[in-house]
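**Q** Here it is: the structure, laid out below.
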Amino acid sequence: MHPTLCTGDIVLVTVGAYRRRKPCVGEIIVAHHPYEERMLIKRISAIGTAGVYLQGDNPQASTDSRAFGCIPLTAIVGPVTVRIRTEHSDG
101 MHPTLCTGDI
111 VLVTVGAYRR
121 RKPCVGEIIV
131 AHHPYEERML
141 IKRISAIGTA
151 GVYLQGDNPQ
161 ASTDSRAFGC
171 IPLTAIVGPV
181 TVRIRTEHSD
191 G
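Residues in the sequence shown are numbered consecutively from 101, following this note's numbering.
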């Protein structure tokens, strides 16, 4: 599968959306990496009792729940609601 987002894209995120509703499988979200001081943009691949499992759209080049397991809902910033391609996008 090809990545949905490309380097240079700008995304808008609905912060706190999951305080009002539950996340859904297939949504692209922004979350805090569980072990590093950085953010992730990944797709929710499954929802479990302990949190959500994330997978990148390009699994061969993605670090996701296959490497770090599920993440708690509290680690999610919110769903990506808008993608803006820029002249600097590589896609």
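All C-beta atoms, glycine included, are put in the ideal place defined by N, C-alpha and C.
1. For G148, which residues of its own chain have a beta-carbon under 6 Å away from its beta-carbon, when the five flanking residues on both sides are left out?
2. Could you pull the start and end residues of the alpha helix (DSSP H) that A167 belongs to?
3. Would you report the Cα separation of V113 and V180, rounded to the nearest angstrom?
4. Taking a contact to mean a Cβ-Cβ separation below 8 Å, would you say I195 touches V130 in this structure?
5. Less than 8 Å between C-beta atoms, sequence neighbours within five positions excluded: which residues of the same chain meet that for V177?
6. Once the 5 residues before and after F168 are set aside, which same chain residues still bring their CB inside 7 Å of it?
7. Would you mind sorting E152 into buried or exposed? The rule is 16 or more other CB atoms within 10 Å of its CB.
8. Between the beta-carbon of D157 and the beta-carbon of T104, is there less than 8 Å?
**A** The structure says:
1. Here residue 148 refers to the residue found at position 48 of the sequence shown. Result list for G148: C170, in chain order.
2. Translated into the one-based positions of the sequence shown, residue 167 becomes position 67. Note, A167: alpha helix (DSSP H), 165-168.
3. Against the sequence shown, residue 113 aligns to sequence position 13. Against the sequence shown, residue 180 aligns to sequence position 80. Cα to Cα, V113 sits roughly 4 Å from V180.
4. In the structure as shown, the chain begins at 101 and stops at 191. Residue 195 is therefore absent and cannot be evaluated.
5. Within the sequence shown, numbered from 1, the residue matching residue 177 stands at position 77. Here the set comprises V113, V115, I129, V130, A131, H132, M139.
6. Counting from one through the sequence shown, the residue named residue 168 turns up at place 68. So the qualifying residues of the chain are P134, Y135.
7. The residue given as residue 152 occupies position 52 in the sequence shown. The identity of residue 152 in the sequence shown is Val, whereas the question assumes Glu. Under this definition V152 is a buried residue.
8. Walking along the sequence shown from the start, residue 157 turns up at place 57. Walking along the sequence shown from the start, residue 104 turns up at place 4. In this structure, T104 lies closer than 8 Å to D157 by Cβ.
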